[in-house]
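In UniProt numbering, the protein residues as written are 1 to 301.
Every residue gets a Cβ at the ideal spot worked out from N, C-alpha and C, and that includes glycine.
Working notes, structure below.
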């Protein structure tokens, strides 16, 4: 939707998203004001309104705030009206249990990718939280762009800081191969993947121009490495950051991505097993929404 945003609304949503982050289930008034850089008056007005309406609950003893009961009702309704997301969440949890790797669901909101459900089964730190936002721009969202219209693919590239013609020339081949095999594979090293995710989720508004320029340059360098030619022998061990497969809706459009995030080296055999499980899961979810849509089938050796 085009047009200006509402700053007061943004601040309210910031409070809810802060309380929704793991580890932030019980924050005090001062914590909320400090974390979001709000004045005491603004923080008080927002928290009081949310508490009065049941979106936030306040512990009368510890004075800590947490998500309220109204959100549970909203979540239940959201699952009913967004069945693909509910199915994807169930499969993400199953994949996490079966593989031992973190899984995520990625949804597109205009020109932004939203991480809606990271799932982990170990205590290993995973640098993604529910509600994290990443720009829908090269190098993020390849599996969305691969099935997008040509003009949207061009816009996806233009929104990125990548200007290297060598990298850009590779993109058509990358998107075509992604469509052919039915999933995207990010071969970045774990360190590079974490750096790229971090830069992608950082808020640029309000930063000095030279800082934004440094961040853009770093993102462009990450993209140039991520999109190196994929010509390694099939039996070589590769570092794999993410495997993501599209889930299609009843209009035959990509509704969301189901992703597994090994963040480590995998053998060819491990990769083959993992991609088969992922593509099968995504295809089954797609079939529930569009039975006439052929599920993506991995045909890459």
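Proximity to residue 261 across 92, 163, 159 peaks at 92, based on C-alpha coordinates.
Counting along the chain, residue 107 sits inside the beta strand (DSSP E) bounded by residues 103-109. If you look at residue 275, you'll find it in the alpha helix (DSSP H) that goes 268-289. The C-beta of residue 10 has fewer than 16 other C-beta atoms within 10 Å across all chains shown, which makes the residue exposed.
In the DSSP annotation of this structure, the continuous segment of the alpha helix (DSSP H) that includes residue 18 starts and ends at 7-20. Where residue 145 is concerned, the enclosing alpha helix (DSSP H) starts and stops at 142-145. By the Cβ test, the segment 140-151 is in contact with the segment 105-114, since at least three Cβ pairs between them sit closer than 8 Å. Taking a 10 Å sphere around the C-beta of residue 283, we find 16 or more other C-beta atoms and assign the residue as buried. Looking at the DSSP output, residue 115 bridges to 106. Excluding the 5 residues flanking it on each side, residue 101 has same chain C-beta neighbours closer than 7 Å at 260, 261, 262, in chain order. For residue 175, the CB contacts under 8 Å within the same chain, skipping 5 residues up- and downstream, are 142, 145, 146, 153 in chain order. Contact fails between the segment 263-279 and the segment 58-75, because fewer than three Cβ pairs, one in each stretch, are under 8 Å apart. The beta carbon of residue 36 lies closer than 8 Å to those of 11, 14, 15, 18, 43 in the same chain, with the five residues before and after it left out.
Only exposed fits residue 166, as fewer than 16 other CB atoms lie within 10 angstroms of its CB.
Going by beta carbons, residue 34 and residue 129 fall outside the 8 Å limit.
Contact check for residue 89 against residue 64 fails: the beta carbons are separated by 8 Å or more. Within the same chain, and ignoring the five residues on either side of residue 157 in sequence, the residues whose Cβ sits closer than 7 Å to its Cβ are 138, 168, 171. Closest option to residue 85, judged by alpha-carbon separation, among 270, 60, 25, 255: 255.
Separation of residue 51 and residue 268 (C-alpha to C-alpha, rounded to the nearest whole angstrom) is 52 Å. Within the DSSP bridge table, the entry for residue 254 names 248 as partners. DSSP places residue 57 within a strand segment (E or B) once states are collapsed to three. For the options 134, 31, 241, the alpha carbon positioned closest to that of residue 266 is the one of 241.
For residue 95, the enclosing alpha helix (DSSP H) has its first and last residue at 83-99.
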